[in-house]
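To start, the structure itself, in structure tokens.
Protein chains in written order, with my numbering: chain A, 96 to 385; chain B, 27 to 143.
The structure is reproduced here in structure tokens:
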């Protein structure tokens with residue numbers, strides 16, 4: 096049985112941990128609001144860009160369309176862009192990305208394909224370095240946070256595009272956490288190359304468009320931008336999701352610490368009571384012996 | 027009341043402007059073009075330059091954009107730009123400071139903005 100002093104130390108240490116987790120929760124909650132606003136403010140651009148590409152792609156001739164849109168006809172080599180967080184203590188956030196990446200790599204390798212990884216965020220990069228470190232083409236940190244810069248996404252997009260044009264890989268997929276709400280994140284896979292385009296809803300509206308410059312040229316200049324845009328919105332979503340995950344995780348931790356303090360205090364009080372009773376018995380029996 | 031067209035200027039970070047206007051002049055890669063109400067549907071690549079918003083025959087707003095895309099359809103003009111700055115509220119000193127800390131592409135854009143102020 097632990098001594099009273101040990102128990103007291105233990106209780107104090109849990110209390111200070113609780114203070115830290117409570118503070119982290121508040122910080123995450125405050126940042127989450129900003130990140131969520133940023134993620135929502137970023138959606139119109141991405142949506143409209145997607146609409147325009149869908150409109151153009153619907154009319155592109157499959158044989159002469161740019162490779163970024165239709166692929167280079169092969170699928171032997173894959174690039175996975177993995178977006179995790181730079182920091183831990185956010186529940187299953189990084190774990191689920193890591194797990195999904197591992198599954199995906201195993202699946203692709205099982206099909207006899209070569210897999211390359213572009214890691215964004217420190218956590219998953221560290222977790223997978225031992226297994227797949229040889230396949231990393233780059234590993235970046237510090238592009239996420241409450242203020243994601245479009246320039247960072249544009250750089251990443253450029254890396255991906257030039258890699259594709261040099262023939263380093265044939266297909267590019269991005270794995271990231273999508274922010275659903277404050278308690279749910281969803282791991283999403285979205286294909287960057289060949290570009291995944293939705294339906295150009297409203298064919299009749301698209302049929303009499305004028306293009307400046309010509310459609311092919313316009314499409315060629317837009318495709319690199321849609322890659323950057325997709326990466327940018329994934330970074331925004333992932334940042335918001337990370338903060339949400341951290342908030343939930345820290346909320347749970349604070350609650351668990353509270354429970355633990357209650358339990359330990361009970362044990363402490365019982366032991367104290369037992370010690371007092373013991374001392375009383377000793378005094379009384381000592382007095383009786385006289 | 028004069029006919030208007032709905033302008034939306036959208037950057038990756040936010041919607042910069044959203045309003046009814048009489049005419050928009052945008053810097054296309056093949057030259058400046060104006061968009062009046064009932065303009066034919068058009069998809070145009072934009073270069074670095076100034077988007078002018080005209081109301082009542084006067085320029086009411088000017089935005090510097092660093093290239094982008096204009097989607098004109100029906101009564102809606104959507105301008106998608108990676109970087110955009112409202113010249114009406116821009117402050118040269120603040121921009122200069124920002125340009126000093128920014129990377130090359132960003133700085134070039136900011137300097138162009140400062141020049142056109």
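Don't be surprised by glycine CBs; every beta carbon is placed ideally from N, CA and C.
These numbers were taken from a predicted model, which means no experiment stands behind them.
Residue state for residue 99 of chain B is assigned as strand, using DSSP reduced to three classes. Ranked by Cα distance from residue 121 of chain A, the first of A:370, A:360, A:380, A:345 is A:345.
Residue 159 of chain A is positioned such that its CB atom lies closer than 8 Å to that of residue 311 of chain A.
With at least 16 other beta carbons inside 10 angstroms of its own, residue 71 of chain B counts as buried. Under the Cβ criterion of 8 Å, residue 220 of chain A is not counted among the residues facing chain B.
Judged by DSSP in its simplified three-state form, residue 208 of chain A adopts coil rather than helix or strand.
Ranking B:41, B:120, B:129, B:47 by CA distance to the CA of residue 82 of chain B puts B:47 first. Between residue 195 of chain A and residue 270 of chain A, the gap from beta carbon to beta carbon is short of 8 Å. Residue pairing from DSSP places residue 175 of chain A in a beta bridge opposite A:212, A:268. Counting along the chain, residue 30 of chain B sits inside no alpha helix (DSSP H), nor does DSSP assign it H or E at all.
If you look at residue 365 of chain A, you'll find it in the alpha helix (DSSP H) that goes 310-384. Per DSSP, the continuous beta strand (DSSP E) segment holding residue 78 of chain B begins and ends at 68-81. Within the stretch 136-150 of chain A, the residues whose Cβ lies closer than 7 Å to some Cβ of chain B are 136, 137, 139, 140, 143, 144, 147, listed in chain order. For the alpha helix (DSSP H) assignment, the uninterrupted runs of no fewer than 4 residues enclosed by the stretch 217-291 of chain A are, from N- to C-terminal side, 217-227, 245-260. About 6 Å separates the beta carbon of residue 272 of chain A from that of residue 192 of chain A, a gap short enough to meet the 8 Å contact definition.
Residue burial is scored here from C-beta neighbours: residue 217 of chain A has at least 16 other C-beta atoms within 10 angstroms and is therefore classed as buried. Residue 101 of chain A: member of the alpha helix (DSSP H) spanning 99-154, first to last residue. Here residue 50 of chain B really is in contact with residue 79 of chain B; their C-beta atoms are around 6 Å apart, less than 8 Å.
With respect to chain B, the C-beta atom of residue 316 of chain A has a partner C-beta closer than 8 Å.
The Cβ neighbour count for residue 111 of chain A, taken over all protein chains shown within 10 Å, is under 16; the residue is labelled exposed. Pairwise C-beta distances place the stretch 131-146 of chain A in contact with the stretch 318-332 of chain A, as three or more of them are shorter than 8 Å. Between the alpha carbons of residue 89 of chain B and residue 318 of chain A lies a distance of about 25 Å. Inter-segment contact for the stretch 368-379 of chain A and the stretch 212-232 of chain A is absent: fewer than three beta-carbon pairs are separated by less than 8 Å. For residue 275 of chain A, the closest of A:101, A:113, A:127 by C-alpha to C-alpha distance is A:127.
In the three-state reduction of the DSSP assignment, residue 88 of chain B falls in the strand class, which pools E and B. Contact of residue 40 of chain B with chain A is assigned, a C-beta pair being separated by under 8 Å.
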